[in-house]
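Residue numbers (my numbering): 197 to 842.
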């Protein structure tokens, strides 16, 4: 289990250079440059890649073997804890029992059978969007984003709340690439400016500290916090949609931000909120009440509902508290001790589905978010950083395959938190030493701790100096980090005014965390795939934005009727071969995933070269010839893997 102590965000050094990713990103950037500069950029990148070597491994052979063993163990579930960055290893049977216990709540969930409603609901949403577009209330760009092309079913999983005794689980529905996902994101973006503007709203920990710093507790006043029980699954869907629609109607900037009418916005919102089906353990469920944890809309709608809730609750309270500050479901209160229980009972009577728990000040201290509010002897309030008992102090390991500047960013963030949340110099010094000690355990050298602390104090003035603003880049690229190679690529890109950003490559989370039902291949969208002729081995490479199942049906139809239109049909007619004696889905293979259209088309062209796909015709993306020697070399080394071997 030692390898799990590195944390799930630990990035493993690649065993090979991700050539296809780099070529794709370079080509996306190059098409935005003039022809001469694009050619120079391509040549520089190819030159770097021809001599590039993978970095030194940051895992031992024993650790790689341990990862392989954990990955193959079907009797356990590895999952992040709900909070605190702990890694939890659960017995698979216990995990399933805990999930089923959540889903047995008949007031919130119900089984709707083995039949998947995706296609029916997708058609309904498509018709609605076409109608709104026809009315001129959706521009083409937005329409292309929100119009559903995927058939991915939302999937349920749960994370353990290890800070709770007995153990409880937080239900989450992952709706990424589901039929309503992109529409939900768009509607959430429209609604966000209309939420979070009340005096009671707490933006973050810094905002909380700012608001409580000036409070002087009078005789008899106490600190209290109220926490909503299961907020997301307690917010009534139709009710909150009506609230959101009224906000849109009252918004003076609405017409400047969208072509949608408030009525159409409300209709789409209701459609998304009422599309609550998901899959778990092979069965299809529906959430009958509340918002799904995991939807882009849920935090915004929950905040909106709580704003309306607290306005009514405070206006009708027998004794209004001196201070009420809420961050999502967590509320800090300053109130007279004699009115503390009265207020608690009052807010619990406001709505049938919204219920609170209470936490009272203990020894003059009360936590909220990551802030500990402390009563001073003179009844003023000071603050310190707060960590739950289950907090692991597990930060990104220095040996992780991340750029150094990102690791220094962690030091800066933690030191900046101490500077921002703690006014008392003694408490601040204690907190900073805690941070240093935790980071030393994660392998951080002393120079990094000093540099991170120093730069956290300098950044405030640097960020606001107009002279420090860099020239706006013509384009940008995001690539997995490869030590020694990414730095050279960054310099090459910068010569042509292209910014390169690094992301972690293959992490322990990617390798080990598998709590959800696996997507069947036919549901996947945004894929590059290949089909090989079973008689001669000739390969066809294709790509699709839609679900692979939809695209496969088209291939099957073309082959069955020998129409000579598709590349597969042409191959059969030309060679007198049968691509397969069985159905096409049995021989189709997903070779890459890519949701972005331009990236996917370029990746398809790259894979055509790597697979030496002789069936493909002209008409796709034409790769510049400067890449071809590099890709031919890569095709010859295709057996090497950049990830932990399966």
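Built from N, CA and C at the ideal position, the CB exists for glycine as well.
Which word fits residue 593, buried or exposed, when buried means at least 16 other C-beta atoms lie within 10 angstroms of its C-beta?
-> In the chain shown, counting from the first residue as 1, residue 593 sits at position 397. Flag for residue 593 reads buried.
Provide the residue(s) that pair with residue 355 in DSSP beta bridges, ordered along the chain.
-> In the chain shown, counting from the first residue as 1, residue 355 sits at position 159. According to DSSP, residue 355 bridges with 366.
By DSSP, does residue 450 sit in helix, in strand, or in coil?
-> As a working note, residue 450 is residue 254 in the chain shown. Note: residue 450 maps to helix in three-state DSSP.
Beta-carbon spacing of residue 767, residue 807 below 8 Å = By 1-based counting over the chain shown, the position of residue 767 is 571. By 1-based counting over the chain shown, the position of residue 807 is 611. Contact flag unset, no.
Spatial neighbours of residue 657 within its chain, please: CB distance less than 7 Å, with the 5 preceding and 5 following residues excluded, ordered by chain position.
-> Position 461 of the chain shown, counting from 1, holds the residue named residue 657. Here the model assigns residue 657 a pLDDT of 49, short of 50, so the residue's position is not dependable, and the following value carries that caveat. There are no such residues.
Give the DSSP-derived three-state secondary structure of residue 262 in the structure shown.
-> Looking up residue 262 in the chain shown gives position 66. Residue 262 falls in the helix class under three-state DSSP.
Just tell me which of 618, 436, 580 and 549 has its CA closest to the CA of residue 304.
-> By one-based count along the chain shown, residue 304 stands at place 108. Of the listed residues, the one whose Cα sits closest to residue 304 is 549.
DSSP beta-bridge partners of residue 697 | Here the question's residue 697 lines up with position 501 in the chain shown. Answer is 674.
How should residue 265 be labelled, buried or exposed, when 16 other C-beta atoms within 10 angstroms of its C-beta is the threshold for buried?
-> What you label residue 265 is simply residue 69 of the chain shown in a count that begins at 1. Flag for residue 265 reads exposed.
Rounded separation between residue 426 and residue 450 - CA only | Against the chain shown, residue 426 aligns to sequence position 230. Against the chain shown, residue 450 aligns to sequence position 254. If I take the Cα positions, the gap works out to 32 Å.
Per DSSP, which residues does residue 275 bridge with? Please list them.
-> Here residue 275 corresponds to residue number 79 of the chain shown, with the count starting at 1. In DSSP, residue 275 forms a bridge with 284.
What residue range is occupied by the uninterrupted alpha helix (DSSP H) comprising residue 502?
-> Taking the first residue of the chain shown as position 1, residue 502 is located at position 306. Note, residue 502: alpha helix (DSSP H), 494-511.
Return the residue from the list 799, 224, 730 and 578 that minimises the CA-CA distance to residue 410.
-> Within the chain shown, residue 410 is the residue found at index 214, counting from 1. Comparing Cα positions, the closest option is 578.
Can you tell me which of the three DSSP states residue 582 falls into?
-> Numbered from its first residue, the chain shown carries residue 582 at position 386. In the structure shown, residue 582 sits in coil (DSSP, three-state: anything other than H, G, I, E or B).
7 Å Cβ shell around residue 684 - same chain, five flanking residues per side excluded | In the chain shown, residue 684 corresponds to position 488, counting from 1. The residues are 244.
Is residue 295 helix, strand or coil when you go by DSSP?
-> Counting from 1 along the chain shown, the entry for residue 295 is found at position 99. It is helical.
Burial state of residue 422, where buried means 16 or more other Cβ atoms lie within 10 Å = Here residue 422 refers to the residue found at position 226 of the chain shown. Buried, by the Cβ-count rule.
Option in 741, 742 and 763 with minimal Cα separation from residue 751 | On the chain shown, position 555 is the one that residue 751 refers to. Closest option to residue 751, Cα to Cα, is 763.
Residue of 732, 805, 828 and 711 minimising C-alpha distance to residue 295 | Locating residue 295 in the chain shown gives position 99, counting from the first residue. Ranking 732, 805, 828 and 711 by Cα distance to residue 295 puts 711 first.
Do you know offhand how far residue 693's Cα is from residue 231's?
-> In the chain shown, the residue the question calls residue 693 occupies position 497. In the chain shown, the residue the question calls residue 231 occupies position 35. Straight-line Cα distance between these residues: approximately 14 Å.
Beta-carbon proximity of residue 783 to residue 725, cut-off 8 Å | By 1-based counting over the chain shown, the position of residue 783 is 587. By 1-based counting over the chain shown, the position of residue 725 is 529. Their beta carbons are not under 8 Å apart, which means residue 783 does not touch residue 725 by this criterion.
Would you mind giving the Cβ-Cβ distance between residue 382 and residue 342, rounded to the nearest angstrom? I have them listed as a contact below 8 Å.
-> The residue given as residue 382 occupies position 186 in the chain shown. The residue given as residue 342 occupies position 146 in the chain shown. Rounded, the Cβ-Cβ distance is 5 Å, consistent with contact.
Environment of residue 775 [buried if 16+ CB atoms lie within 10 Å] = Locating residue 775 in the chain shown gives position 579, where the first residue counts as 1. Buried is the call here.
Distance between residue 283 and residue 200 (C-alpha atoms, nearest Å) | Position 4 of the chain shown, counting from 1, holds the residue named residue 200. Position 87 of the chain shown, counting from 1, holds the residue named residue 283. Answer to the nearest angstrom: the Cα atoms are 7 Å apart.
Reduced DSSP category for residue 489 - H, G, I as helix; E, B as strand; rest coil = The residue you call residue 489 lines up with position 293 of the chain shown. Looking at residue 489 - three-state DSSP - the assignment turns out to be coil, as it is neither helix nor strand.
How should residue 520 be labelled, buried or exposed, when 16 other C-beta atoms within 10 angstroms of its C-beta is the threshold for buried?
-> As a working mapping, residue 520 is identified with position 324 in the chain shown. The residue in question, residue 520, is buried, as its Cβ has 16 or more Cβ neighbours within 10 Å.
Quick one: is residue 331 buried, meaning 16 or more other Cβ sit within 10 Å of its Cβ, or exposed?
-> Locating residue 331 in the chain shown gives position 135, where the first residue counts as 1. So residue 331 ends up on the exposed side.
Where in the segment 514-583 do unbroken runs of the alpha helix (DSSP H), each at least 4 residues long, occur, reported from the N-terminal end onward?
-> 533-543
Residue from 826, 795, 813 and 816 whose Cα sits closest to the Cα of residue 223 = Taking the first residue of the chain shown as position 1, residue 223 is located at position 27. Selected option, being the one with the closest Cα: 795.
Spatially closest choice to residue 419 from 780, 779 and 570, by CA coordinates | Indexing the chain shown from 1 puts residue 419 at position 223. Among 780, 779 and 570, the Cα nearest to that of residue 419 belongs to 570.
Is residue 353 near the ligand FAD, judged by its Cβ being under 7 Å from some heavy atom?
-> Although the ligand FAD was asked about, the structure shown includes no ligands whatsoever.
Determine the contact status of residue 639 and residue 607, defining contact as a CB-CB distance below 8 Å.
-> Counted from its first residue, the chain shown places residue 639 at position 443. Counted from its first residue, the chain shown places residue 607 at position 411. No, the pair does not count as a contact, with Cβ atoms beyond the cut-off.
Count the other CB atoms, across all protein chains shown, that sit within 10 Å of the CB of residue 789; report buried if there are 16 or more and exposed otherwise.
-> Taking the chain shown and counting its residues from 1, one reaches residue 789 at position 593. Result: exposed.
Cα-Cα, which of 395, 257 and 348 is closest to residue 722?
-> Your numbering for residue 722 matches position 526 in the chain shown. Residue 722 has its Cα closest to that of 348, out of 395, 257 and 348.
So, are the CB atoms of residue 465 and residue 440 less than 8 Å apart?
-> Along the chain shown, one-based indexing puts residue 465 at 269. Along the chain shown, one-based indexing puts residue 440 at 244. Yes, the pair counts as a contact, with Cβ atoms nearer than the cut-off.
Beta carbon of residue 580, beta carbon of residue 568: below 8 Å?
-> Counting from one through the chain shown, the residue named residue 580 turns up at place 384. Counting from one through the chain shown, the residue named residue 568 turns up at place 372. For residue 580 and residue 568, yes; Cβs fall inside 8 Å.
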